[in-house]
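In what follows, a single structure is set out as structure tokens and then discussed.
In the numbering used here, the protein residues as written are 3 to 94.
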């Protein structure tokens, strides 16, 4: 059975891409080692994406859905991956 991805999930995915780009770029600026920068950017990405969902649950200001966080993290990984590739090619 094929499931349809809702527009809400796509919104989180697309917002995750620039978030991943920004976090990875900032982490490259603050951390000299490549692996440290990648790990910290990923951890921050997870904390922000899940934190947003947790905030929605606690305050009841939005709809809490863990898959929204997963969609944001997936988008963020793609954005961060772009920055990592540019860094490895010495373009960034």
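The beta carbon of each residue, even a glycine, is placed where N, CA and C say it ideally should be.
Reduced DSSP category for residue i - H, G, I as helix; E, B as strand; rest coil
i, result
"residue 95", "This structure gives no information on residue 95, because the portion of the chain shown stretches from 3 to 94."
"residue 43", "helix"
"residue 30", "helix"
"residue 94", "coil"
"residue 62", "coil"
"residue 7", "coil"
C-beta atoms of residue i and residue j nearer than 7 Å
i, j, result
"residue 43", "residue 25", "yes"
"residue 22", "residue 47", "yes"
Best match in the options for proximity to residue i [C-alpha to C-alpha]
i, options, result
"residue 19", "58, 62, 50", "50"
"residue 94", "6, 31, 9", "31"
"residue 67", "6, 5, 14", "14"
Bounding residues of the alpha helix (DSSP H) (the contiguous stretch that carries residue i)
i, result
"residue 86", "68-90"
How about the region 65-72 and the region 80-87: do they share at least three Cβ pairs that are nearer than 8 Å?
no
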